[in-house]
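Undergrad: With full-length UniProt numbering, you'll find the sequence shown wraps up at 270, consecutive numbering, no jumps.
Glycine included, each C-beta is placed from N, C-alpha and C at the ideal position.
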Amino acid sequence: MSSLDVFSDAAVVAKRNLIKIKRVPDLLVFTTLSPIMFVLLFAYVFGGAIDTRGGGSGYREFLIAGIFAQTVVFGATITGAGLAEDVKKGIVDRFRSLPMAPSAVLTGRTLSDVVNNVIVLVVMSLTGLLVGWRIRTSFLDALLGFVLLLVFAYAISWVMAWVGLLVPSPEVVNNASFIVIFPLTFVANTFVPLSTLPGPLRAFAEWNPVSAVTQAARNLFGNPNPDPTAPASGAWALEHPELYTLIWAAAVLVVFVPLANAQYRRATSR
Numbered sequence: 001m002s003s004l005d006v007f008s009d010a011a012v013v014a015k016r017n018l019i020k021i022k023r024v025p026d027l028l029v030f031t032t033l034s035p036i037m038f039v040l041l042f043a044y045v046f047g048g049a050i051d052t053r054g055g056g057s058g059y060r061e062f063l064i065a066g067i068f069a070q071t072v073v074f075g076a077t078i079t080g081a082g083l084a085e086d087v088k089k090g091i092v093d094r095f096r097s098l099p100m101a102p103s104a105v106l107t108g109r110t111l112s113d114v115v116n117n118v119i120v121l122v123v124m125s126l127t128g129l130l131v132g133w134r135i136r137t138s139f140l141d142a143l144l145g146f147v148l149l150l151v152f153a154y155a156i157s158w159v160m161a162w163v164g165l166l167v168p169s170p171e172v173v174n175n176a177s178f179i180v181i182f183p184l185t186f187v188a189n190t191f192v193p194l195s196t197l198p199g200p201l202r203a204f205a206e207w208n209p210v211s212a213v214t215q216a217a218r219n220l221f222g223n224p225n226p227d228p229t230a231p232a233s234g235a236w237a238l239e240h241p242e243l244y245t246l247i248w249a250a251a252v253l254v255v256f257v258p259l260a261n262a263q264y265r266r267a268t269s270r
């Protein structure tokens, strides 16, 4: 089977997943409501306390890239939960009976979730603009910031694809993912400057890939630390966040694309 056939099959699977969102709009509604709540709560509940000199406006600009990063990482769990549900309902077995490339199921699933993340980022961007977030750089810089967020999310979705094929139900996927993703997104520079963290946590956060993608987005959006007197991190990862993000994304894809496809073959051979 040629690569063109694989891509065609993956596009069909992606279309099927997108149609599912259309038919079950609750999926998209709740996916977008959560980040909107985070934006509003952090902007207005914590914003004034963290950035009292600017009345919270500086913190709101600092915050949005962190919310973006957290949301696309949490959004990757949709991949795992969706695959676990398909396995549980026997849909994956039906795919296996069709004349299609086995890898198309996972590729289509992950590609459809990229589209879902695009929709979520658009909604969040509009919400951010309403609370005072502004892009201070060029259109191309801002576009690159969004692309980096989506590339990182796409890589994480392959991790979640592997998890979704490994565990028995969508509920287990959500619970297992939460245990790992929650500390990764909070022990980072997503919501507070790293200078506020104690030593051991700060060292972890400086090399946390979530911190890197957040910092890369902030740099490309032109949203600096609201406290200009705060000391800058000397960690290489945060001095070169764009490159560090791409290194992490590539490493994750190299490891988890084969793992997920191998697990898919095991799951469909039972």
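(1) Compare the Cα-Cα distances from Tyr154 to each of Ala251, Val29 and Phe178 and report the closest residue.
(2) Is the stretch 105 to 119 in contact with the stretch 199 to 212, if contact means three or more CB pairs nearer than 8 Å?
(3) Please work out which residues of its chain come closer than 6 Å, Cβ to Cβ, to Ile36, disregarding the five sequence neighbours upstream and downstream, and give them in chain order.
(4) Return helix, strand or coil for Pro209, following the three-state DSSP convention.
(5) Whole angstroms are fine: how far does the CA of Trp236 sit from the CA of Gly90?
(6) When DSSP labels each residue in this structure, what does Gly90 get in the three-state scheme?
(7) I want to know whether the stretch 243 to 260 touches the stretch 154 to 167 - three or more CB-CB distances under 8 Å.
(8) Confirm, please, whether the CB-CB distance from Thr245 to Ala267 is below 8 Å.
(9) Is Val167 closer than 8 Å to Ala188 when the C-beta atoms are compared?
(10) If Gly222 and Ile135 are in contact, beta carbons under 8 Å, what's the gap, nearest whole angstrom?
(11) Return the CA-CA distance between Leu150 and Val114, expressed in angstroms with no decimal places.
(12) Which class does Gly58 belong to by DSSP, given the choice of helix, strand or coil?
(13) Please list, in chain order, all residues of the same chain as Asn174 whose beta carbon is under 7 Å from its beta carbon, the five residues on each side excluded.
(14) Within 10 angstroms of its Cβ, does Ala65 collect 16 or more other Cβ (buried), or is it exposed?
(15) Determine, using beta carbons only, whether Asn225 and Pro241 come nearer to each other than 8 Å.
TA: Result, derived from the coordinates:
(1) As a first step, residue 154 is located in the sequence shown; it is residue number 154 there, counting from the start. It is Ala251.
(2) no
(3) Here residue 36 refers to the residue found at position 36 when the sequence shown is read from its first residue. The answer, listed in chain order, is Thr127.
(4) Here residue 209 refers to the residue found at position 209 when the sequence shown is read from its first residue. Note: Pro209 maps to helix in three-state DSSP.
(5) In the sequence shown, the residue the question calls residue 90 occupies position 90. In the sequence shown, the residue the question calls residue 236 occupies position 236. Using only the alpha carbons, I get a separation of about 47 Å.
(6) The residue given as residue 90 occupies position 90 in the sequence shown. Correct three-state label for Gly90: coil.
(7) yes
(8) As a working mapping, residue 267 is identified with position 267 in the sequence shown. As a working mapping, residue 245 is identified with position 245 in the sequence shown. No, the Cβ-Cβ distance between Ala267 and Thr245 is not below 8 Å.
(9) For the purposes of this step, residue 188 is taken as the residue at position 188 of the sequence shown. For the purposes of this step, residue 167 is taken as the residue at position 167 of the sequence shown. Cβ atoms of Ala188 and Val167: not closer than 8 Å.
(10) Reading the sequence shown from its first residue, position 222 is the one you call residue 222. Reading the sequence shown from its first residue, position 135 is the one you call residue 135. Contact holds; Cβ gap of about 6 Å.
(11) Stepping through the sequence shown from its first residue, residue 150 is reached at position 150. Stepping through the sequence shown from its first residue, residue 114 is reached at position 114. Spanning the two alpha carbons is a distance of roughly 7 Å.
(12) As a working mapping, residue 58 is identified with position 58 in the sequence shown. Helix, per DSSP.
(13) The residue given as residue 174 occupies position 174 in the sequence shown. The answer, listed in chain order, is Thr77 and Ala81.
(14) Your numbering for residue 65 matches position 65 in the sequence shown. Label assigned to Ala65: buried.
(15) By 1-based counting over the sequence shown, the position of residue 225 is 225. By 1-based counting over the sequence shown, the position of residue 241 is 241. For Asn225 and Pro241, no; Cβs fall outside 8 Å.
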